[in-house]
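Asks: Take 1 as the starting number for the sequence shown in full-length UniProt numbering and just add one per residue. One structure follows; several queries about it will come next.
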Amino acid sequence: MIGQKSIIMLNSIDTLLNQDAKKELSLQIAEKDMIFMGESEHHIGSDFLAKTEFVKFLVLEHGYKNIAFEGDFFALYNTNDKNFLFPFWSKSKQCKALFNFLEDQKVTIWGFDNQFSMGYSFLNFSPQLFSFMNENNITYEKQFKDFVDIVCKRGPEFEKELSKNDIKYLVEKINIILQADSVQENKQWFQFLQSFQSIILQNTTSKLKAYEIRDNQMASNLQFVAEKLEKQKIIVWAANAHISKMKEEFMDGKIMGAKFLEQTNRKTFHIGFAPIKMSYRKTSFIETQVKQKNNLLNLLPNITGNSIIFSSLISKEYPELKDTKFVGMFGMGNTAFNYFKHFDALVFIGNGEKVSY
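Structure, rendered in structure tokens:
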């Protein structure tokens with residue numbers, strides 16, 4: 001175990017951030033205006049609990065009033081309603097305190113995922129689109145409207161009703177509509193249409209290519225939200241893989257974080273979260289991982305408590321770690337890579353738990 005000066009042990013999960021952690025975090029994010037917070041998997045409730053404590057800190061002590069989730073862009077842009085987030089957040093026990101807090105503090109909820117995840121978008125995208133087109137005298141064929149309705153009705157299963165030629169027609173027609181002056185002038189509908197088109201492309205290509213299409217669009221959608229909220233601070237809530245600052249081949253197209261950084265002037269800070277002990281991990285497995293020098297757990301003072309590693313501190317204290325590749329439990333596969341280049345901080349939760357409802 002090394003890097004002890006660079007690692008801060010944290011409190012129990014319900015009061016996670018002690019004064020030492022808050023002091024260092026405040027120094028690290030002083031010039032930042034977007035804080036990205038990941039999670040190892042969307043079914044890890046302890047990651048949600050830990051992130052909630054960070055949200056409270058950012059809102060109460062640093063004035064953050066907006067939070068953008070890896071959730072339905074169209075629905076959340078129109079409603080800012082947590083009920084249109086995925087249920088593992090909106091309905092879970094581990095996020096109940098989070099959403100009560102956000103409501104009490106009047107924090108606005110946004111989304112940036114291209115995917116339609118809840119009923120609002122499935123029911124409202126098509127009516128709102130054609131209302132906009134009619135108001136702006138944008139002509140369209142009945143076939144086009146029928147195909148849009150099918151995508152909204154069937155979701156990812158739209159290929160059961162649409163042929164390859166139908167899909168090609170739909171994508172090409174959207175390209176034409178995107179060139180219309182009234183669409184070009186309406187940034188909101190231009191973004192909505194681009195995002196909708198990406199859903200079609202994502203679901204009609206290989207899995208690897210689909211990840212890249214989705215993450216590129218999520219980055220674009222997030223940048224759109226960031227531009228709307230100019231000069232306002234934003235918390236970003238997503239999976240670890242999507243918030244990484246780097247773009248590498250092993251990531252299989254999950255490159256939203258890197259793509260976002262390419263197109264923004266925002267100053268960002270990226271925090272990965274992961275549990276150590278889980279019901280599906282044998283103690284013997286964890287003990288084996290701790291002994292491996294290329295495993296992040298080997299850096300920790302102990303694996304039973306909660307802790308945070310700051311990348312800049314550990315890289316300064318141990319310069320050789322700047323280029324050291326580690327394996328970890330952060331939901332980014334078994335490939336060894338340089339975590340301290342991908343993330344600005346790493347949070348370890350000693351006793352993890354799965355999401356519950």
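Note that beta-carbon positions come from the ideal geometry of N, C-alpha and C, so glycine has one too. Everything numeric in this text was worked out from a predicted model, so none of it was measured.
Measuring straight from C-alpha to C-alpha, what distance separates K93 and I138?
Replies: Their Cα atoms are separated by approximately 46 Å.
Asks: Among the candidates K51, H43, K5, whose CA atom is the shortest distance from the CA of D14?
Replies: The residue with the shortest Cα to Cα distance from D14 is K51.
Asks: Determine the extent of the alpha helix (DSSP H) in which L60 is found, giving its start and end residues.
Replies: 45-62 is the span of the alpha helix (DSSP H), which, as asked, contains L60.
Asks: Helix, strand or coil for E31, going by three-state DSSP, please let me know.
Replies: Note: E31 maps to coil in three-state DSSP.
Asks: For C95 and L49, I'd like the C-alpha separation in whole angstroms.
Replies: Approximately 7 Å, taken between the alpha carbons.
Asks: Tell me, which residues are paired with A274 by DSSP?
Replies: Answer by DSSP bridge pairing, in chain order: F348.
Asks: Please name the residue in I67, F112, D113 whose C-alpha comes closest to that of K106.
Replies: Looking at the Cα atoms, I67 is the closest of the given residues.
Asks: Going along the chain, which residues of its own chain have a beta-carbon closer than 7 Å to the beta-carbon of F190, five neighbours each way excluded?
Replies: Correct list, in chain order: L178, V183, Q184.
Asks: Buried or exposed: T283, going by 16 or more other Cβ atoms within 10 Å of its Cβ?
Replies: Flag for T283 reads exposed.
Asks: DSSP state of I150, grouped into three classes?
Replies: Helix, per DSSP.
Asks: For G119, is the classification buried or exposed, using 16 other Cβ atoms within 10 angstroms of its Cβ as the cut-off for buried?
Replies: Exposed.
Asks: Buried or exposed: where does residue 387 fall if 16 or more other Cβ atoms within 10 Å of its Cβ makes it buried?
Replies: Missing from the structure shown is residue 387; the chain here goes from 1 to 357 and no further.
Asks: From what residue to what residue does the beta strand (DSSP E) around S307 run?
Replies: First-last of the beta strand (DSSP E) with S307: 307-310.
Asks: Give the single residue among F57, G333, I44 whose Cα lies nearest to the Cα of S26.
Replies: For the residues F57, G333, I44, the minimum Cα distance to S26 belongs to F57.
Asks: DSSP three-state label for T79, please.
Replies: Residue state, collapsed to three classes: helix.
Asks: Give me, in chain order, the residues of the same chain whose beta-carbon lies closer than 6 Å to that of K259; leave out the 5 immediate sequence neighbours on both sides.
Replies: Only N216, A219 meet the Cβ criterion.
Asks: Kindly list the residues whose CB is nearer than 8 Å to the CB of S311, restricted to its own chain and excluding five residues on each side of it in sequence; keep chain order.
Replies: Once the five neighbours on either side are set aside, the close Cβ partners of S311 are Y339, F340, K341, F343, D344, A345, L346.
Asks: Would you grab the beta carbon distance between S40 and P301 for me? Rounded to a whole angstrom, and I think it's under 8 Å.
Replies: 21 Å between Cβ atoms; not a contact.
Asks: Using only the alpha-carbon positions, how far apart do D104 and K291 sit?
Replies: The alpha-carbon atoms of D104 and K291 are separated by roughly 45 Å.
Asks: Can you list, in chain order, the residues of its chain with a C-beta nearer than 6 Å to that of L98? Leave out the 5 residues immediately preceding and following it.
Replies: Cβ neighbours of L98 beyond the five flanking positions: T52.
Asks: Please determine, among N265, D149, E212, I200, the residue with the shortest C-alpha to C-alpha distance to E31.
Replies: When only C-alpha atoms are compared, the closest one is N265.
Asks: Classify F326 as buried or exposed, calling it buried when 16 or more other Cβ atoms lie within 10 Å of its own Cβ.
Replies: Flag for F326 reads buried.
Asks: Are the CB atoms of D166 and F192 nearer to each other than 8 Å?
Replies: No. Outside cutoff.
Asks: I'd like to know whether the C-beta atoms of I309 and I7 end up nearer to each other than 8 Å.
Replies: Yes, Cβ-Cβ distance for I309 and I7 is below 8 Å.
Asks: May I have the straight-line CA-CA distance separating I150 from A75, to the nearest angstrom?
Replies: The straight-line gap from Cα to Cα measures roughly 18 Å.
Asks: Span of the beta strand (DSSP E) holding E227?
Replies: Where E227 is concerned, there is no enclosing beta strand (DSSP E), although the alpha helix (DSSP H) it sits in stretches over 207-228.
Asks: Thinking just about the alpha-carbon of each residue, which of F88, F73, F54 is nearest to the one in H43?
Replies: Out of F88, F73, F54, F88 has the C-alpha closest to the C-alpha of H43.
Asks: What is the rounded straight-line gap between the Cα of D323 and the Cα of T288?
Replies: Roughly 23 Å separates the two Cα atoms.
Asks: Kindly list the residues whose CB is nearer than 7 Å to the CB of A21, restricted to its own chain and excluding five residues on each side of it in sequence; keep chain order.
Replies: Excluding residues within five positions, the ones whose Cβ falls inside 7 Å are I8, L10, I308.
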